[in-house]
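Heads up, the thing below is written out as structure tokens.
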Amino acid sequence: ESLAAQGGKGKGVGVDIEVVSVFANRSLSEDTFIQRNFTPAEIAYCQARPDPAASLAGKWAAKEAVVKAISSFDLEHAKVWTQGAGAPLIDIEVLAGNSGAPEVHLHGEAKAAGAEVGVHDLKITISHAGEYAVAVCNAL
Amino acid sequence: ESLAAQGGKGKGVGVDIEVVSVFANRSLSEDTFIQRNFTPAEIAYCQARPDPAASLAGKWAAKEAVVKAISSFDLEHAKVWTQGAGAPLIDIEVLAGNSGAPEVHLHGEAKAAGAEVGVHDLKITISHAGEYAVAVCNAL
Amino acid sequence: ESLAAQGGKGKGVGVDIEVVSVFANRSLSEDTFIQRNFTPAEIAYCQARPDPAASLAGKWAAKEAVVKAISSFDLEHAKVWTQGAGAPLIDIEVLAGNSGAPEVHLHGEAKAAGAEVGVHDLKITISHAGEYAVAVCNAL
Numbered sequence: 024e025s026l027a028a029q030g031g032k033g034k035g036v037g038v039d040i041e042v043v044s045v046f047a048n049r050s051l052s053e054d055t056f057i058q059r060n061f062t063p064a065e066i067a068y069c070q071a072r073p074d075p076a077a078s079l080a081g082k083w084a085a086k087e088a089v090v091k092a093i094s095s096f097d098l099e100h101a102k103v104w105t106q107g108a109g110a111p112l113i114d115i116e117v118l119a120g121n122s123g124a125p126e127v128h129l130h131g132e133a134k135a136a137g138a139e140v141g142v143h144d145l146k147i148t149i150s151h152a153g154e155y156a157v158a159v160c161n162a163l
Numbered sequence: 024e025s026l027a028a029q030g031g032k033g034k035g036v037g038v039d040i041e042v043v044s045v046f047a048n049r050s051l052s053e054d055t056f057i058q059r060n061f062t063p064a065e066i067a068y069c070q071a072r073p074d075p076a077a078s079l080a081g082k083w084a085a086k087e088a089v090v091k092a093i094s095s096f097d098l099e100h101a102k103v104w105t106q107g108a109g110a111p112l113i114d115i116e117v118l119a120g121n122s123g124a125p126e127v128h129l130h131g132e133a134k135a136a137g138a139e140v141g142v143h144d145l146k147i148t149i150s151h152a153g154e155y156a157v158a159v160c161n162a163l
Numbered sequence: 024e025s026l027a028a029q030g031g032k033g034k035g036v037g038v039d040i041e042v043v044s045v046f047a048n049r050s051l052s053e054d055t056f057i058q059r060n061f062t063p064a065e066i067a068y069c070q071a072r073p074d075p076a077a078s079l080a081g082k083w084a085a086k087e088a089v090v091k092a093i094s095s096f097d098l099e100h101a102k103v104w105t106q107g108a109g110a111p112l113i114d115i116e117v118l119a120g121n122s123g124a125p126e127v128h129l130h131g132e133a134k135a136a137g138a139e140v141g142v143h144d145l146k147i148t149i150s151h152a153g154e155y156a157v158a159v160c161n162a163l
């Protein structure tokens, strides 16, 4: 019997790493991928940053990390993300909060997925350097 | 008195980053390093992935992250990994679970190490992009 | 109402990634940046490692991850790091502990910041490979 099989409920963790250049040279107001996956507030935030591509890569990493953290929250639960890798991530919104740390706001299907497995809180953190952006999410 | 010295028991965290190319151009059925450190189920999983080297690097990062998470669980406990950096990691098995998230299965000495410090659950997450794979483990 | 807004107190997470070469070719005993941000014990540790630049990058990533973890601990709290990005991080000391895992020791303003938001424990983990170092901190 594995540790995971013995326990495994009630916490989740997600990590994601992205290549920043994938997010470079995109028109934030016209690019279909950007429009499908980032909210207007997220796009405005990234446009105002010194390196918009790095900020977009970081937010994308954060969204992916949230998906993984929710998926690992209850390892005995069936998959809650049924749309697969191509599902739009616009329902997972990551914005700067009062404390200086980024905050996750779930909408629509993402909110339903979190509720279904019992997640009541998400903590997210993002970093980028050189050619990479990385994010980690803890689901509580 | 530091925060770590005041508390420090009951949770652990581990991160590991690996260069994917280290895991490229290896014969999964004959390579001694692979055979010593990956279970047949792990090797079969990686062989079936679109980028086996990236998957192997990710699983290796996950195993290293588990070692670190268990080591940080009780900071007042003496080292529980006594074989050092060269110890085979085949006893830390990382496989895909029902929820879509990877799961950790401990065997042998790794299981004993986790039990000795009081770990009752491990959560693992893996990502790769470009030339790197990264994993994070929370020990609960 | 977001999940973050509903809860959000009582745990924090921080990640940081750094380019190792930024920390190369520095005189550890004379470099102003090093002297402002690393304690004598940290410098001695890094000098004795096989790759001092990678070790310095890892410790720097750890310090930044601690700042982020404390900042995300209570998302409703105002910023507790008021000196901004240029604040010296010498008050966040990261040293190897008995268990083999690194430990965080807070001093001065960093200690006050952690206490103000209610952090009672910090767990840190560090890794480096190729051109990058990464660290993750959980605040409890």
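Protein chains in written order, with this note's numbering: chain A, 24 to 163; chain B, 24 to 163; chain C, 24 to 163.
No residue lacks a Cβ here, since even glycine has one placed at the ideal position from N, Cα and C.
Predicted model, so just to flag it, every value in this text is computed and none were measured.
- Closer than 9 Å to the CB of L163 (chain C) there is at least one CB belonging to chain B.
- Between the stretch 89-100 of chain C and the stretch 135-152 of chain C, the count of C-beta pairs closer than 8 Å reaches three or more; the two stretches touch.
- Only exposed fits E53 (chain C), as fewer than 16 other CB atoms lie within 10 angstroms of its CB.
- Taking a contact to require three or more Cβ pairs closer than 8 Å, the stretch 142-158 of chain C and the stretch 38-45 of chain B qualify as touching.
- In the DSSP assignment, V142 (chain B) falls outside any alpha helix (DSSP H) and carries neither an H nor an E.
- DSSP, reduced to helix, strand and coil, places V43 (chain B) within a helical segment of the structure shown.
- Take the alpha-carbon of S95 (chain B) and the one of L129 (chain A): they are about 32 Å apart.
- In the structure shown, S150 (chain C) adopts extended strand secondary structure according to DSSP, grouped into three states.
- Excluding its 5 nearest sequence neighbours in each direction, P111 (chain C) has C-beta neighbours in its own chain below 7 Å: R59, N60, listed in chain order.
- Under DSSP, the beta-bridge partners assigned to H128 (chain B) are B:E116.
- Shown here for P125 (chain B): same chain residues with a beta carbon closer than 8 Å to its own, the five before and five after excluded, namely A85, V117, L118, A119, I147, T148, I149 in chain order.
- Going by DSSP, V159 (chain B) is part of no alpha helix (DSSP H) but of the beta strand (DSSP E) stretching over 155-162.
- The three-state secondary structure of G137 (chain C), taken from DSSP, is helix.
- A straight line joining the alpha-carbon of V45 (chain A) with that of N121 (chain C) spans about 42 Å.
- With distances taken between CA atoms, L79 (chain B) lies nearest to B:Y155 out of B:G35, B:Y155, B:N161, B:W104.
- Boundaries for T62 (chain B): no alpha helix (DSSP H) harbours it, and the DSSP string shows neither H nor E there.
- The C-beta of A77 (chain B) has 16 or more other C-beta atoms within 10 Å across all chains shown, which makes the residue buried.
- Secondary structure at G123 (chain B): coil, using DSSP grouped into helix, strand and coil.
- Assigned with DSSP and collapsed to three states, V103 (chain C) falls in coil, not helix or strand.
- Between the alpha carbons of G35 (chain C) and V159 (chain C) lies a gap of roughly 11 Å.
- Scanning chain C for C-beta atoms nearer than 8 Å to the C-beta of H151 (chain A) yields I40, reported in chain order.
- Sorting B:Q70, B:T62, B:V127 by C-alpha distance to the C-alpha of V90 (chain B) places B:V127 at the top.
- One Cα belongs to G81 (chain C), the other to A135 (chain C), and the distance between them is close to 24 Å.
- Taking a contact as a CB-CB distance under 8 Å, the pair N161 (chain C) and A64 (chain C) does not count as one, their CB atoms being some 23 Å apart.
- One alpha carbon belongs to A71 (chain C), the other to T62 (chain C), and they sit about 14 Å apart.
- At a cut-off of 9 Å between C-beta atoms, H100 (chain B) counts as an interface residue with respect to chain C.
- Per DSSP, the continuous alpha helix (DSSP H) segment holding A77 (chain B) begins and ends at 75-94.
- Legend: CB atoms of the stretch 123-135 of chain C lying less than 7 Å from CB atoms of chain B belong to residues G123, A124, E126, V127, H128, L129.
- Close partners of K146 (chain A) in chain C (Cβ separation under 7 Å): K34, G35, V36, S95.
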